[in-house]
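Undergrad:
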Amino acid sequence: MIIDVHTHFIPEIYIELTGKDPEAARATSMRNEHGQLFIKPTKNCPLPLGYGPYERAMYDVKAKLAGMDRTAVDVGVISAPSNMFFYALDAAKGLQLARMWNDGVAQICSAHPSRFVGLATVPLQAPDVAIAEMERAMSEHGFKGVEIGTSINGRDLDAPEVFEFFKRAQELGALVMVHPSTCAICDGRADKYYFQNVMGYMLESALALGSLIFGGVLERLPNLKLYSTHGGGFMPYQIGRLDHVREVRKECANLVPREPTEYLRRVHFDSITHSPLALSYLISLVGVERILLGTDDPMDMGEHEPVRFIDSLPGLSKTDRAAILGGNAARLLNITV
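Residue numbering for the sequence shown is 2 to 338, as defined by the numbering used here.
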């Protein structure tokens with residue numbers, strides 16, 4: 002069984018809301034003469050919306066399934082596009098949109114139970130509210146966990162008020178997918194060459210993982226099912242610097258009892274590196290059991306031939322190949338064949 006842990010989808014219920022009540026959706030939608038969908042923020046909307054045109058596989062279930070069939074993916078783990086976390090809203094409005102979104106994804110999973118499982122979106126700007134929505138999505142809809150951003154309105158993930166959210170996720174056995182959005186510190190310099198995505202996202206993931214390591218979250222929650230997208234961004238390839246800074250700088254000394262590399266080996270990573278050499282290094286660093294197949298479908302920066310990419314890795318055994326393609330995810334998410 003081949004499982005794609007990183008595939009995005011916008012439920013129809015949200016798109017309908019952008020047409021019926023743009024103020025509630027915080028966005029409007031339109032289609033051009035070719036039928037392509039655009040979603041744009043309403044005036045003075047604090048959300049980083051405005052992407053488009055979207056591929057049909059982002060909002061059309063038939064197109065999503067056709068793409069999965071083409072790439073031999075059996076199960077897709079659905080998460081929201083990272084520009085639709087709704088963190089900038091107040092807790093009540095954020096919860097309203099998150100519940101609606103999760104209910105819409107649940108309908109898709111219910112209609113195609115052998116093809117899709119869901120990850121909830123939650124209003125992490127209010128951690129107690131986020132916990133309640135995570136619990137609801139998992140108990141009522143059978144979701145396997147949550148997707149969160151690499152930061153919350155400028156707060157890092159080691160913020161004390163967020164710890165209870167991670168603690169509850171560990172108790173529930175929830176997968177916590179950490180996905181980057183706009184890189185605020187790259188603002189301006191990353192506007193050209195698509196660097197906001199190409200490099201900004203990678204830096205965001207590194208900052209999030211570094212905060213969780215030095216902030217003690219991974220020390221205090223050793224069984225947290227944490228998953229970092231895009232092969233962990235820059236972090237795995239510069240982890241030696243974190244080990245080193247812990248030894249030479251007072252800012253990082255005595256914060257955690259283990260080397261950062263040890264904590265990194267508790268994290269799961271997807272295969273979206275676009276480089277067999279980079280993914281082979283990541284496997285050697287954290288172990289093959291920590292690697293999950295991801296596509297980022299239907300984004301243009303995704304991996305469009307995921308099985309072929311895994312097959313291109315040098316020296317991969319049949320057992321390791323099967324683990325990356327689906328075995329690791331099936332175990333992590335309790336998905337049975």
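All C-beta atoms in this analysis are idealised placements derived from N, C-alpha and C, irrespective of residue type, glycine included.
With H, G and I counted as helix, E and B as strand and the rest as coil, what does DSSP make of residue 173?
TA: Along the sequence shown, read from residue 1 onward, the residue named residue 173 stands at position 172. Residue state, collapsed to three classes: helix.
Undergrad: Quick one: is residue 199 buried, meaning 16 or more other Cβ sit within 10 Å of its Cβ, or exposed?
TA: Counting from 1 along the sequence shown, the entry for residue 199 is found at position 198. Residue 199 should be labelled exposed.
Undergrad: Can you tell me the Cα-Cα spacing of residue 238 and residue 157, whole angstroms?
TA: The residue labelled residue 238 in the question sits at position 237 within the sequence shown. The residue labelled residue 157 in the question sits at position 156 within the sequence shown. Approximately 21 Å, taken between the alpha carbons.
Undergrad: If we count the other Cβ atoms within 10 Å of its Cβ and call it buried at 16 or more, is residue 71 buried or exposed?
TA: Against the sequence shown, residue 71 aligns to sequence position 70. Exposed: under 16 other Cβ atoms inside 10 Å.
Undergrad: Measuring CB to CB, does residue 229 end up less than 8 Å from residue 270?
TA: If you number the sequence shown from 1, residue 229 lands on position 228. If you number the sequence shown from 1, residue 270 lands on position 269. Going by C-beta atoms, residue 229 is nearer than 8 Å to residue 270.
Undergrad: Counting only runs that start and end within the region 5 to 62, where is the alpha helix (DSSP H) found for 4 or more residues in a row?
TA: Correct list: 13 to 21 and 23 to 26.
Undergrad: Find the nearest neighbour of residue 236 within the set 261, 220 and 256, judged by alpha-carbon distance.
TA: Start at 1 with the first residue of the sequence shown, and residue 236 comes out as number 235. Cα-wise, what sits closest to residue 236 is 261.
Undergrad: Helix, strand or coil: which one does DSSP assign to residue 331?
TA: Reading the sequence shown from its first residue, position 330 is the one you call residue 331. If DSSP states are grouped into helix, strand and coil, residue 331 belongs with the helices.
Undergrad: From which residue to which residue does the beta strand (DSSP E) around residue 79 run?
TA: As a position in the sequence shown, residue 79 is number 78, starting the count at 1. Its beta strand (DSSP E) spans residues 76 to 80.
Undergrad: Report the option in 160, 135 and 250 whose CA atom is closest to the CA atom of residue 213.
TA: Locating residue 213 in the sequence shown gives position 212, counting from the first residue. If we check each option's Cα against that of residue 213, 160 comes out closest.
Undergrad: Have a look at residue 169 and residue 133 and give me their C-alpha separation to the nearest angstrom.
TA: Locating residue 169 in the sequence shown gives position 168, counting from the first residue. Locating residue 133 in the sequence shown gives position 132, counting from the first residue. Going by the C-alpha atoms only, they are around 10 Å apart.
Undergrad: Determine, using beta-carbon pairs with one atom in the region 67 to 87 and one in the region 111 to 122, whether at least three such pairs fall under 8 Å.
TA: They touch, by the three-pair rule.
Undergrad: As a quick exercise: from 41, 43 and 37, pick the residue whose alpha carbon is nearest that of residue 57.
TA: Taking the sequence shown and counting its residues from 1, the one referred to as residue 57 is at position 56. The option with the nearest alpha carbon to residue 57 is 37.
Undergrad: Whose C-beta lies closer than 8 Å to the C-beta of residue 206 among residues of the same chain, with five residues either side of it excluded?
TA: Looking up residue 206 in the sequence shown gives position 205. These residues qualify, in order along the chain: 151, 179, 181, 229, 230, 231, 233, 234, 235 and 236.
Undergrad: On the DSSP letters alone, give me the boundaries of the alpha helix (DSSP H) that residue 336 sits inside.
TA: Indexing the sequence shown from 1 puts residue 336 at position 335. No alpha helix (DSSP H) holds residue 336; DSSP gives it neither H nor E.
Undergrad: Can you list, in chain order, the residues of its chain whose CB lies under 6 Å from that of residue 55, leaving out five sequence neighbours each side?
TA: Position 54 of the sequence shown, counted from the first residue, corresponds to residue 55. These residues qualify, in order along the chain: 38.
Undergrad: Measuring straight from C-alpha to C-alpha, what distance separates residue 263 and residue 243?
TA: Numbered from 1 along the sequence shown, position 262 holds the residue referred to as residue 263. Numbered from 1 along the sequence shown, position 242 holds the residue referred to as residue 243. Cα to Cα, the separation comes out at about 11 Å.
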